[in-house]
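S.K.:
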Amino acid sequence: MNENIVTTDIKQIKFEKFNKAFTIINVVIASLFTLLFLVLFILVESGLVRLVISGIWLISNVIWIFRGAEKKHFLRSTLSCIFIPVTIMMMSVMIAGVHSDSPWRYNLQLDYVKYYKSHVFKVAPEKLPDDISDYGFHFVATLGQGAGHSSVRFKASQDVIKAYEEEYSAKAIYTYPYSEFEHGYSIYVDEISPKASATWEDDKSLYIYSDTDFWAESTSATVYVTSATHNWNHPHSTAVIIDSEKNMIEFAQLG
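Per the working numbering, the sequence shown starts with residue 115, numbered consecutively.
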């Protein structure tokens, strides 16, 4: 009888040691994931869901260490070690969108988009001008039938806006008033530019992305389209939208 008790005690001690060691390993892995997504969220303002999942995983394992070697804690720790990293990795394959109003993150966000996308944000300025306001950076990846977009918009000094207007009016293959775009996104061109491409011969539909909330106050904006693929189902375009009266500008890429 005593031998059975001793054997049981030894097994319990071994289980406790193994459970604690295994849970500590989980804490280390969860800490690394949490740190990674915390840095990503701080620098790029993306990955919040993954940060929350990693944080909950980390806190749960720390609690299980202090609660002891109960079998249910070991089972939970084991299941979390299997399913949570797999879930996070699957989420990381599908790039998370970015919605930011912090200009200091701009270059880091561009690098983030370049890392995940097969083509870069072609029309984005390499550097933001000084003393801008009403800044916004938006990125949504293309997924299935849904066309993604990249956009950066802001207000700047009149000299800066005029310089951009001079540059992109010369580069434009289409120039239209923004007010002519239905819902701020679509228009039909009169003739397809030789510098544009069309999937179907008579497809004159032209789609752009624009931050419609930003342009709601504008009545004199002009759209300078610098590249376009005419395709009503899978459109692609790059455009610069400028209102030189209100000193507003948006660099936008669709698809």
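We treat Cβ as the ideally placed atom computed from N, Cα and C, and that holds for glycine.
Can you tell me whether DSSP reads I306 as helix, strand or coil?
M.R.: coil
S.K.: Quickly, what does DSSP pair R267 with across the bridge? List them, please.
M.R.: G250, E364
S.K.: Only counting the same chain, and skipping five residues up and downstream in sequence, which positions put a Cβ closer than 8 Å to that of F155?
M.R.: Cβ within range, chain order: G161, L162, L165.
S.K.: According to DSSP, simplified to helix, strand and coil, what is E280?
M.R.: helix
S.K.: Taking all protein chains shown into account, decide if S324 is buried (16 or more other Cβ within 10 angstroms of its Cβ) or exposed.
M.R.: buried
S.K.: Who are the near neighbours of E279 in its chain, counting only those whose CB is closer than 6 Å to its CB and skipping five residues on each side?
M.R.: I356, S358
S.K.: Looking at T343: is its Cβ nearer than 7 Å to the Cβ of S319?
M.R.: no
S.K.: Name the residue from W171, K134, D316 whose alpha carbon lies nearest to the alpha carbon of D304.
M.R.: D316
S.K.: Quick test of the definition: if touching needs 3 or more C-beta pairs under 8 Å, does the segment 144–159 touch the segment 167–184?
M.R.: Contact between the segment 144–159 and the segment 167–184 is present, because at least three Cβ pairs lie under 8 Å.
S.K.: Let me check understanding here. Comparing Cα to Cα, which of S300, N345, V266, A335 lies closest to W218?
M.R.: V266
S.K.: Suppose the cutoff is 8 Å on Cβ atoms and the five residues either side in sequence are ignored; what does the same chain contact list for T201 look like?
M.R.: I167
S.K.: Could you work out which residue in Y338, M362, W346, N347 is closest to A330 when comparing CA atoms only?
M.R.: M362
S.K.: Any idea if Y288 is buried or exposed, counting beta-carbon neighbours within 10 angstroms, 16 or more meaning buried?
M.R.: buried
S.K.: Pop quiz: I196 and T137 are said to be a contact at Cβ under 8 Å. What is the actual Cβ separation, rounded to whole angstroms?
M.R.: No, I196 and T137 are not in contact; Cβ-Cβ is about 14 Å, not under 8 Å.
S.K.: If L368 sits next to H297, beta carbons under 8 Å apart, how far is it from one beta carbon to the other, in whole angstroms?
M.R.: Going by Cβ atoms, the distance from L368 to H297 rounds to 14 Å, so no, they are not a contact pair.
S.K.: Using the beta-carbon count (16 or more within 10 Å), is I209 buried or exposed?
M.R.: buried
S.K.: Taking C-alpha atoms, which residue in F151, S214, P239, R181 lies nearest to P199?
M.R.: F151
S.K.: State the Cα-Cα distance for the pair N221 and L157, rounded to the nearest angstrom.
M.R.: N221 and L157: Cα-Cα distance of roughly 10 Å.
S.K.: Going by DSSP in three states, S194 sits in which element: helix, strand or coil?
M.R.: helix
S.K.: May I ask you to report which of helix, strand or coil DSSP gives D215?
M.R.: In the structure shown, D215 sits in coil (DSSP, three-state: anything other than H, G, I, E or B).
S.K.: By Cβ distance below 8 Å, which residues in the same chain neighbour D327 in space, the five residues on each side in sequence not counted?
M.R.: none
S.K.: S214 and F268 - do their beta-carbons sit closer together than 7 Å?
M.R.: no
S.K.: CB A277 to CB F365, shorter than 7 Å?
M.R.: In this structure, F365 does not lie closer than 7 Å to A277 by Cβ.
S.K.: What separation, rounded to the nearest whole angstrom, lies between the Cα atoms of I301 and I177?
M.R.: 58 Å
S.K.: Within a Cβ cutoff of 7 Å, which residues of the same chain sit near I119, ignoring the five residues on either side of it in sequence?
M.R.: A caution first: I119 carries a pLDDT of 49, below 50, which makes its placement in the model unreliable, though a value can still be read off. Excluding positions up to five away in sequence, the list is empty.
S.K.: For the alpha helix (DSSP H) that L165 lies in, which residues bound it at each end?
M.R.: 162–181
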